[in-house]
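Engineer: Residue numbers (our numbering): -17 to 105.
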Amino acid sequence: MSNSKPNLNYRQIDGLLYPNLQISNEPTADEQPLGRYGRMALNYLRNHHPQRFLILQMQGDLMKKMSEVEQEALSKMESLTEQLLRLRPLPQTDDTLERTHHLNQIRETAEELILNDIIFKPR
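Encoded structure:
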């Protein structure tokens, strides 16, 4: 029986060597970091739907699917924020704090809708 080591290739980034490992069927999906919503969807899937998580992981589609969720969430966040601003326009005041508070409330409402409609859904 031979004691052979796996032959790994490395790439150098900022003076550090990283192994060229591929998780997904598409190498570009592995290289693209997940944003906030993609990470939230990944954690939700891992914690609440572990079988689906493993299936996607074994098929090599997990990171691609989470990137799609991220893009869908960002797009929906933008359109919902615009719609809510049309329904509840910014107050006409010079008080920056009041305007910021209003915008934060709109973003929180839009994000709550996104979490329920996009993020906390099994894929």
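Here a beta-carbon is modelled for each residue, glycine too, at the ideal position from N, C-alpha and C.
Here the structure is a predicted model, which means the values were calculated and not measured.
Quick check: what's the CA-CA separation for K47 versus E64?
Structural biologist: Going by the C-alpha atoms only, they are around 26 Å apart.
Engineer: According to the neighbour-count rule (16 or more other Cβ atoms, all chains shown, within 10 Å of its Cβ), is G20 buried or exposed?
Structural biologist: buried
Engineer: Quick check on Q14: does DSSP put it in helix, strand or coil?
Structural biologist: coil
Engineer: So, using beta-carbon positions, are G17 and E52 closer together than 8 Å?
Structural biologist: yes
Engineer: Considering R(-7), what are the terminal residues of the beta strand (DSSP E) in which it resides?
Structural biologist: According to the DSSP assignment, R(-7) belongs to the beta strand (DSSP E) that extends over -8 to -5.
Engineer: According to DSSP, L(-2) sits in a beta bridge with which residue or residues?
Structural biologist: I(-5)
Engineer: Please report how far the alpha carbon of E50 lies from the alpha carbon of L44, in whole angstroms.
Structural biologist: So the alpha carbons of these two residues sit roughly 10 Å apart.
Engineer: When you compare only the Cα positions, how much space is there between H31 and I37?
Structural biologist: 10 Å
Engineer: With H, G and I counted as helix, E and B as strand and the rest as coil, what does DSSP make of P32?
Structural biologist: Shown here, P32 sits in a helix according to DSSP, grouped into three states.
Engineer: Assign M22 to buried or exposed, taking buried as 16 or more other Cβ atoms, counted over all protein chains shown, within 10 Å of its Cβ.
Structural biologist: buried
Engineer: Once you ignore the five residues that flank A92 on each side, which residues in its own chain have a CB closer than 7 Å to its CB?
Structural biologist: M59, L62, T63, L66
Engineer: Relative to the C-alpha of F107, which candidate in D77, R28, R(-7), R89 has its C-alpha closest?
Structural biologist: Residue 107 is absent from the structure shown; the chain starts at -17 and stops at 105.
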